[in-house]
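Asker:
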Amino acid sequence: MNSYLLVMIAIYFQDTFFSIREFKYFLPMRIIIFLLFVITFLYYVFFYKKNLSIKDIAFKMLIVTSFYIFYFFNFFTTKNLIVGLYTYILIFLNRRDKNKIYILLYKGLSYLCFLGLVSYIFFLIKKPSNYAILPTVKEGWVFVQYWAIILLKSSENILYRFQSIFSEPGELGTIIGMILLFDENYKKLKKERIVLIISGVLTFSLAFYIFMFFKFLISEINLKKKFLIVMFLFFCFGFLGSSYVKNINGGELYYRVYVRIKTLNFNRKNKEADLILKEFYKNGNLLIGTREKVNKNFSVDISSIESIIYEKGFLGLSILILFFIFISNFFSVDKKVKIRIIIFLLSIYQRPNIFQMLYLLILITGVRYYQNFYLERRMKEVNYE
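Everything in the sequence shown is counted per numbering that gives the first Met the number 0, starting at 0 for the first residue and increasing by one.
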């Protein structure tokens, strides 16, 4: 039961429309989630720790606490505190629990996406006018809520990128890319995998495509299949650059994927943010940063690793990376798992706010899931020989 709660809590806090204050049942749902979080935390602290080494727990809690203090100094928020407490729970998990939670998360996300895809198809076919409107933090944009999905809508058009219940398509694309990165056991979760791949493609998220590209490079697929996949990808990329795609949804899809890949422009920042960052690189303290938010002014739009450097300096960036290396047991896993952890950490380039429950849950459980699969396969190969 507690495994289900860990997954539910992580998904809820990943900026879904359930956590928007204007959502009809925001307050009761927030209270329920908070109570579930307290119950889960107390369970793992008082009833689960007996199965673990006290010294090991104390050391890990010291590392997590030290990271939290040094990285979030001058940036303390209630949400960061809750994520920190959630991280304590994750370090209590044993191997069996991590494996189970990864599968639960995989299935849970696929069910959410399946319901969203059904709603998405109905929305595209019927073009309904009876949908709910919810605000976003992005000026000039609102959420369109229709059954089990939300869509982004500007004053000019609706952005038909799939995002399920999450705050933006790129968020969902990143999450799906992360979870598929650790999935190499193709004999299991076949239906769920198909749903996640279709959902990821429909997000038109550059992060999803990049994750899948790296996964394709390191996956143990035979050369013939790899060749066919490469040909298909070239066809898709050519189609995205066509004049037909250029005119869809105000050119959003064309720019979102084709232009950014072609120009290798993966940073997301507006002109004002670019000017602020250039001034910082010229005269600022690159070691510890400014210790203030780069986007405290609403007109500054940035989602890039550069925001970490501006706020916390290269020292803060190093602390963040070292923390994720520690929490993933990087030095005690196989080389193939290490490669996946490194690819996972590349998401910081576009998603600097990586210290979130769902990302931590995917990394910690995904590493164990893949490690288990890899070790089981090696044992079978040894026994066969």
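For each residue, glycine too, the CB sits at the ideal point set by N, CA and C.
Measuring CA to CA, which of 342, 117, 212 is closest to residue 148?
Answerer: 117
Asker: With 16 as the cutoff for other CB atoms within 10 Å, does residue 168 come out buried or exposed?
Answerer: buried
Asker: Where does residue 134 sit, in a helix, a strand or coil, going by DSSP?
Answerer: strand
Asker: Tell me which same chain residues have a C-beta within less than 7 Å of the C-beta of residue 332, skipping the five on either side of it?
Answerer: Taken in chain order, the residues that qualify are 366, 370.
Asker: Just to confirm the assignment, what range does the beta strand (DSSP E) spanning residue 65 have?
Answerer: Taken as a continuous stretch (DSSP letters only), residue 65 belongs to no beta strand (DSSP E), being part of the alpha helix (DSSP H) at 53-70.
Asker: DSSP three-state label for residue 190, please.
Answerer: Residue 190 falls in the helix class under three-state DSSP.
Asker: Whose CA, out of 319, 89, 157, lies closest to the CA of residue 60?
Answerer: 89
Asker: I'd like the span of the alpha helix (DSSP H) that includes residue 4, first residue to last.
Answerer: Looking at the DSSP string, the run of the alpha helix (DSSP H) that includes residue 4 is 1-11.
Asker: So residue 101 and residue 161 are in contact, right, with Cβ under 8 Å, and what is the actual spacing, rounded?
Answerer: Between residue 161 and residue 101 the Cβ distance is about 23 Å, and since that is not below 8 Å, they are no contact.
Asker: For the structure I just gave you, are there three or more beta carbon pairs, one from the stretch 316-329 and one from the stretch 276-284, closer than 8 Å?
Answerer: no
Asker: Using CA coordinates, which residue listed in 135, 326, 353, 111 is at the minimum distance from residue 64?
Answerer: Looking from the CA of residue 64, the closest CA among 135, 326, 353, 111 belongs to 326.
Asker: Could you give the DSSP three-state label for residue 262: helix, strand or coil?
Answerer: Residue confidence for residue 262 is low, a pLDDT of 49 falling below 50, so the modelled location carries little weight; the figure read from the coordinates is stated next. Residue 262 falls in the helix class under three-state DSSP.
Asker: With a CB to CB cut of under 7 Å and the five nearest residues on each side skipped, what residues in its chain are close to residue 11?
Answerer: Answer for residue 11: 17, 18, 32, listed in chain order.
Asker: Straight-line CA distance for residue 213 to residue 337?
Answerer: 13 Å
Asker: Below 6 Å CB to CB, which residues in the same chain sit around residue 71 once its five sequence neighbours on both sides are set aside?
Answerer: 79
Asker: So, helix, strand or coil for residue 331, using DSSP?
Answerer: Looking at residue 331 - three-state DSSP - the assignment turns out to be helix.
Asker: Taking buried to mean at least 16 other C-beta atoms within 10 Å of its own C-beta, is residue 77 buried or exposed?
Answerer: exposed
Asker: Rounded to whole angstroms, what's the CA-CA distance from residue 307 to residue 290? Just pull it up for me.
Answerer: 10 Å
Asker: Going by DSSP, what residue range makes up the beta strand (DSSP E) through residue 149?
Answerer: Residues 148-153.
Asker: Does the separation of the CB atoms of residue 170 and residue 372 fall below 7 Å?
Answerer: no
Asker: Please state the DSSP three-state secondary structure of residue 142.
Answerer: strand
Asker: In whole angstroms, what separates the C-alpha of residue 108 from that of residue 208?
Answerer: 18 Å
Asker: Hey, residue 181 and residue 368: beta-carbon distance below 7 Å or not?
Answerer: yes
Asker: I need the straight-line Cα distance from residue 274 to residue 194, nearest angstrom please.
Answerer: 41 Å
Asker: Identify the continuous alpha helix (DSSP H) that holds residue 118 and give its terminal residues.
Answerer: 94-125
Asker: Going by the beta-carbon positions, is the gap between residue 206 and residue 176 smaller than 7 Å?
Answerer: yes
Asker: Can you name the residues that DSSP bridges to residue 15?
Answerer: 165
Asker: Compare the beta carbon distance of residue 272 and residue 304 with 7 Å and say whether it is the shorter of the two.
Answerer: no
Asker: Tell me the rounded alpha-carbon separation between residue 26 and residue 14.
Answerer: 15 Å
Asker: So residue 347 and residue 353 are in contact, right, with Cβ under 8 Å, and what is the actual spacing, rounded?
Answerer: 5 Å
Asker: Run through DSSP, which three-state label would residue 157 get?
Answerer: strand
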